[in-house]
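K.L.:
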Amino acid sequence: MTEMVVPKAARPRPRVRGAAEEPAWVRWSLIAACILFMAAFLVIPLAAVFTEALRKGVQAYLASFTEPDALSALRLTLLVAAIAVPLNLVFGLAASWALAKFEFRGRSILITLIDLPFAVSPVIAGLIYVLLFGMQGWLGPWLAEHDIRIIFAVPGIVLATLFVTFPFVARELIPLMQEQGTEDEVAALTLGASGWQTFRRVTLPNVRWALLYGVILCNARAMGEFGAVSVVSGHIRGHTNTLPLHVEILYNEYNFVAAFATASLLTLLALVTLVLKAIVERRARAVACGEERPR
Amino acid sequence: MSIQVTHVSKSFGGFQALRDVSLEVGEGELLALLGPSGSGKTTLLRIIAGLEQPDPAPDVDVRFNGQSVAHRAVGGRNVGFVFQHYALFRHMTVFENVAFGLRVRRRRERPSRQEIADRVRRLLALVQLEAFERRYPSQLSGGQRQRVALARALATEPRILLLDEPFGALDAKVRQELRRWLRRLHDELHVTSLFVTHDQEEALEVADRIIVMNAGRIEQDGAPEDLFNNPRTEFVMRFLGAINLFHGRVENGGVRVGPMLLPQVDCALPEGQAARAFVRPYDLAVDRRKNGAAAMPAKVTRVQVTGPVVRVELEAAAGDVIWADLPHAQYRDLRLNVGEQVYVSPRNARVFAGDYRP
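Sequences listed follow chains S and D, in order.
Using this note's numbering, read the first sequence as starting at 1 and increasing by one per residue.
Using this note's numbering, read the second sequence as starting at 1 and increasing by one per residue.
(1) Roughly how many angstroms separate the alpha carbons of residue 138 of chain D and residue 276 of chain S, rounded to a whole number?
(2) Give me the DSSP bridge partner(s) of residue 81 of chain D.
(3) Which word fits residue 325 of chain D, buried or exposed, when buried means at least 16 other C-beta atoms lie within 10 angstroms of its C-beta?
(4) Taking buried to mean at least 16 other C-beta atoms within 10 Å of its own C-beta, is residue 151 of chain S buried or exposed?
(5) By Cβ distance below 6 Å, which residues in the same chain neighbour residue 352 of chain D in space, the five residues on each side in sequence not counted?
(6) For the region 151-171 of chain S against the region 219-237 of chain S, are there 3 or more C-beta pairs whose distance is under 8 Å?
(7) Does the Cβ of residue 144 of chain D have 16 or more other Cβ atoms within 10 Å, making it buried, or fewer, making it exposed?
(8) Among residues of its own chain, excluding the 5 on either side of residue 133 of chain S, which ones have a beta-carbon nearer than 7 Å to its beta-carbon?
(9) According to the Cβ coordinates, are residue 346 of chain D and residue 287 of chain D closer than 7 Å?
(10) Taking Cβ-Cβ distances below 9 Å as the criterion, which residues of the region 190-222 of chain S are in contact with chain D?
(11) Between the region 256-264 of chain D and the region 231-245 of chain D, can you find at least three pairs of beta-carbon atoms closer than 8 Å?
(12) Just mark residue 214 of chain D as buried or exposed, buried being the case when its beta carbon has 16 or more other beta carbons within 10 Å.
(13) Counting C-beta neighbours from all protein chains within 10 Å, is the total for residue 15 of chain D 16 or more, i.e. buried, or is it exposed?
(14) When you check each C-beta in the region 241-268 of chain S against every C-beta of chain D, which residues fall closer than 8 Å?
(15) List the endpoints of the continuous beta strand (DSSP E) containing residue 313 of chain D.
(16) Per DSSP, residue 249 of chain D is paired with what?
(17) Which residues, in chain order, does the region 176-191 of chain S contribute to contact with chain D at a C-beta distance below 8 Å?
(18) For residue 316 of chain D, which residues in chain S fall below 9 Å Cβ to Cβ?
(19) Kindly indicate which residue of D:236, D:66, D:226 has the alpha-carbon position closest to the one of residue 36 of chain D.
(20) Would you mind reading off the limits of the alpha helix (DSSP H) that contains residue 296 of chain D?
(21) Helix, strand or coil: how does DSSP classify residue 114 of chain S here?
(22) Is the region 157-168 of chain D touching the region 59-78 of chain D, taking contact as three or more C-beta pairs under 8 Å?
(23) Only counting the same chain, and skipping five residues up and downstream in sequence, which positions put a Cβ closer than 6 Å to that of residue 99 of chain D?
(24) Select from S:51, S:40, S:126, S:230 the residue whose C-alpha is nearest the C-alpha of residue 257 of chain S.
(25) Please report the residue range of the beta strand (DSSP E) in which residue 346 of chain D lies.
(26) Hey, is the region 46-63 of chain D in contact with the region 82-91 of chain D, meaning 3+ C-beta pairs nearer than 8 Å?
(27) Is there at least one Cβ from chain S nearer than 7 Å to residue 12 of chain D's Cβ?
(28) Spell out the partners DSSP gives residue 217 of chain D in its beta bridges.
(29) Starting from the N-terminal side, write out each stretch of the beta strand (DSSP E) that is 3 residues or longer and does not extend beyond the region 177-254 of chain S.
(30) For residue 339 of chain D, which option in D:306, D:302, D:348, D:329 has the closest C-alpha, if you only look at C-alpha atoms?
(31) May I ask you to report which of helix, strand or coil DSSP gives residue 93 of chain D?
(32) Residue 47 of chain D to residue 20 of chain D, Cα distance in whole Å?
(33) Of all Cβ atoms in chain S, is any one closer than 7 Å to the Cβ of residue 87 of chain D?
(34) Quick check on the DSSP output: the alpha helix (DSSP H) that includes residue 101 of chain S runs from which residue to which?
(35) Under the three-state reduction of DSSP, which class applies to residue 135 of chain D: helix, strand or coil?
(36) DSSP puts residue 3 of chain D in a beta bridge; with which residues?
Here's what the structure looks like:
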């Protein structure tokens with residue numbers, strides 16, 4: 001009688017779990033919970049926006065953009081972003097340069113102040129400007145005398161947007177600049193570079209990806225801001241309506257197709273922002289890990 | 001170009017980094033500023049470069065070739081500076097890094113494109129990195145990066161080269177290579193060079209002259225062998241090279257350490273005064289028999305034969321650990337065993353007394 005010999009290699013090896021590895025059912029239920037949550041709060045609403053917008057067909061969808069009020073809202077939104085983003089780019093660079101590269105009295109207070117717009121409700125931000133520049137506000141009578149309109153006009157909208165978006169660029173740059181220190185700048189100075197050359201050729205390229213990332217976030221917020229802008233805008237159709245405000249007006253008028261069509265535009269902006277953000281993030285990480293290849 | 005520094009002090013907040021330091025560096029000299037961390041050596045280097053300003057004082061000055069540069073900014077001093085952590089521009093290739101100092105010049109002083117390229121290639125050949133000009137700093141090893149940094153610093157043809165712990169971030173083997181290489185490079189270029197280090201071996205091997213610094217002051221200034229053989233202060237004695245320390249008292253013009261009487265060497269100290277005698281491990285003879293009064297018994301506790309000399313660790317009667325370096329041949333003749341009782345006798349000792357401030 002022969003005995004069955006099981007070759008050694010064929011014997012099932014007991015699988016040993018890594019110390020930091022959870023059992024399979026834990027992993028899968030966590031992933032499932034995450035996906036369910038995302039579906040309920042992100043994917044379904046996103047789908048709803050586009051279904052509602054296209055409910056009466058593509059024709060009706062496109063028609064809502066050619067309407068003059070919608071076009072004017074789009075123009076205003078682009079104008080506000082075109083003013084607010086470059087201004088905050090310059091401010092963010094200046095502030096983070098000052099905060100990250102120099103030691104001075106009141107530095108930590110300034111860092112805290114930069115975060116203020118994150119902490120304050122946007123509606124309050126809008127109200128501040130109404131209190132300052134409105135008819136009953138501190139500067140209102142003087143402005144009225146000189147026939148300068150800020151509240152319920154474009155300047156007010158720009159101001160409110162500026163306020164709400166100003167931490168974005170600085171917040172991205174400060175930690176990176178702090179981490180990089182000042183040695184590169186000092187090296188450039190010893191090589192005879194001027195302050196401006198040092199900034200343009202050394203400091204700026206070192207933070208370019210973080211800067212771009214901050215600008216993308218800043219732009220998304222500038223175009224999408226509702227609360228602060230809503231308070232100072234006055235909702236004058238064709239004059240002081242931005243896209244988010246336009247959505248609200250249309251919705252309140254039960255013009256659902258147009259409302260959702262406009263909303264879909266903002267949604268697309270958000271999707272584009274996300275894609276850009278992902279690309280820039282990957283790029284920035286590659287640079288940080290030293291994988292930058294020759295162009 | 002020579003450097004004269006006179007009466008420089010510098011404090012950061014409550015910390016006094018430099019206390020009235022004066023020094024001179026001759027044309028074409030390679031000088032090491034040696035000292036422990038916090039001794040002020042880097043601060044001194046940065047003041048010479050113009051990266052820090054000395055504390056205001058009536059007679060403070062920094063002069064190059066006798067001309068004061070105290071009021072000139074960094075860029076106007078024409079010094080090359082090499083940093084411990086290279087400080088290469090990470091978004092530029094090796095070529096662009098080296099070319100930087102030339103490209104940022106005003107148009108009138110800027111060499112032509114072709115001249116810049118030629119000079120950069122010449123420098124890259126000098127630091128043996130011709131093949132790497134298109135690489136980014138992140139694609140280089142530490143030693144290669146530091147060579148790029150050196151080429152970059154030399155590109156503007158500085159009259160003075162300042163190096164701040166240039167090999168501090170490198171591993172031991174690369175460090176040794178680069179040291180020799182820096183020495184050769186200096187012999188070729190003869191640019192007045194000052195380098196900061198806390199590594200005594202590095203200073204002894206590379207420099208023409210060493211300035212030992214401690215707590216913001218210059219402790220001693222001299223040729224390497226001079227410092228090594230005739231340390232003027234206890235600090236220099238302890239800092240340069242290995243030592244055995246014996247605590248004793250002055251007796252009959254010598255120093256008594258336990259059963260051993262060391263013949264007095266240099267200083268006239270009062271009888272009975274506490275003193276410390278320092279003996280280099282290679283100045284310590286090991287023998288089976290007691291020969292003369294300057295010997296003390298000790299027990300062999302450990303022998304390490306791997307190295308250029310045999311390192312014998314001993315324990316004196318008082319429990320002090322002593323170590324002696326013997327030539328291999330002598331060690332073989334002696335046939336020492338661990339646990340064996342022997343006599344150690346210093347061939348040469350230096351005695352210091354009074355308070356010691358490390």
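Note that the Cβ used here is the ideal one computed from N, Cα and C, for glycine as well.
P.N.:
This is what the structure gives:
(1) In this structure, the CA atom of residue 138 of chain D is about 26 Å from the CA atom of residue 276 of chain S.
(2) In DSSP, residue 81 of chain D forms a bridge with D:162.
(3) Classification of residue 325 of chain D: buried, given that the 10 Å Cβ count is 16 or more.
(4) Its Cβ being crowded by 16 or more others within 10 Å, residue 151 of chain S is buried.
(5) Exclusion of the five residues before and after residue 352 of chain D leaves 234, 276 as the residues of its chain whose Cβ lies within less than 6 Å of its Cβ.
(6) These segments touch.
(7) A residue is called buried once 16 or more other Cβ atoms fall within 10 Å of its Cβ, and residue 144 of chain D is buried on that count.
(8) Scanning its chain for C-beta atoms nearer than 7 Å, with the 5 sequence neighbours on each side dropped, one finds around residue 133 of chain S the residues 139, 140, 143, 150, 151, 156, in chain order.
(9) Against a cut-off of 7 Å, the Cβ pair of residue 287 of chain D and residue 346 of chain D comes out as no contact.
(10) Taking 9 Å as the Cβ-Cβ cut-off against chain D, the residues of the region 190-222 of chain S that qualify are 190, 191, 192, 193, 194, 197, 198, 201, 202, 205, 206, 208.
(11) Taking a cut-off of 8 Å for Cβ pairs, the region 231-245 of chain D and the region 256-264 of chain D do not touch, as fewer than three such pairs fall below it.
(12) Under the 10 Å beta carbon count, residue 214 of chain D is surrounded by 16 or more other beta carbons and is classified as buried.
(13) Exposed is the call here.
(14) So the list is empty, because no residue satisfies the distance condition.
(15) That run of the beta strand (DSSP E) goes 310-316.
(16) Bridge partners of residue 249 of chain D: D:256, D:274.
(17) For the region 176-191 of chain S, the beta-carbon criterion of a distance under 8 Å to any beta-carbon of chain D is satisfied by 183, 184, 186, 187, 188, 189, 190, 191.
(18) Among the residues of chain S, none has a CB under 9 Å from the CB of residue 316 of chain D; the nearest is roughly 49 Å distant.
(19) Closest by alpha carbon: D:236.
(20) Residue 296 of chain D -> not in any alpha helix (DSSP H); beta strand (DSSP E) instead, spanning 296-304.
(21) Shown here, residue 114 of chain S sits in a helix according to DSSP, grouped into three states.
(22) A contact exists between the region 157-168 of chain D and the region 59-78 of chain D.
(23) Cβ-Cβ distances below 6 Å link residue 99 of chain D to 116, 120 in the same chain, with the five nearest sequence neighbours on each side left out; the list follows chain order.
(24) Nearest C-alpha to residue 257 of chain S: S:51.
(25) 341-346 is the span of the beta strand (DSSP E), which, as asked, contains residue 346 of chain D.
(26) In the pairwise beta carbon analysis, the region 46-63 of chain D is classified as not touching the region 82-91 of chain D: fewer than three pairs are separated by under 8 Å.
(27) Not a single CB atom of chain S sits nearer than 7 Å to the CB of residue 12 of chain D.
(28) For residue 217 of chain D, DSSP records a beta bridge to D:214.
(29) Runs of the beta strand (DSSP E) lying entirely within the region 177-254 of chain S and spanning at least 3 residues: none are present.
(30) The shortest Cα separation from residue 339 of chain D among D:306, D:302, D:348, D:329 belongs to D:302.
(31) Per DSSP, reduced to three states, the secondary structure at residue 93 of chain D is coil, with no helix or strand assignment.
(32) One Cα belongs to residue 47 of chain D, the other to residue 20 of chain D, and the distance between them is close to 13 Å.
(33) Residue 87 of chain D counts as touching chain S.
(34) In the DSSP assignment, residue 101 of chain S falls within the alpha helix (DSSP H) that extends over 68-101.
(35) The answer is coil: DSSP assigns residue 135 of chain D none of H, G, I, E or B.
(36) Residue pairing for residue 3 of chain D: DSSP places it in a beta bridge opposite D:25, D:64.
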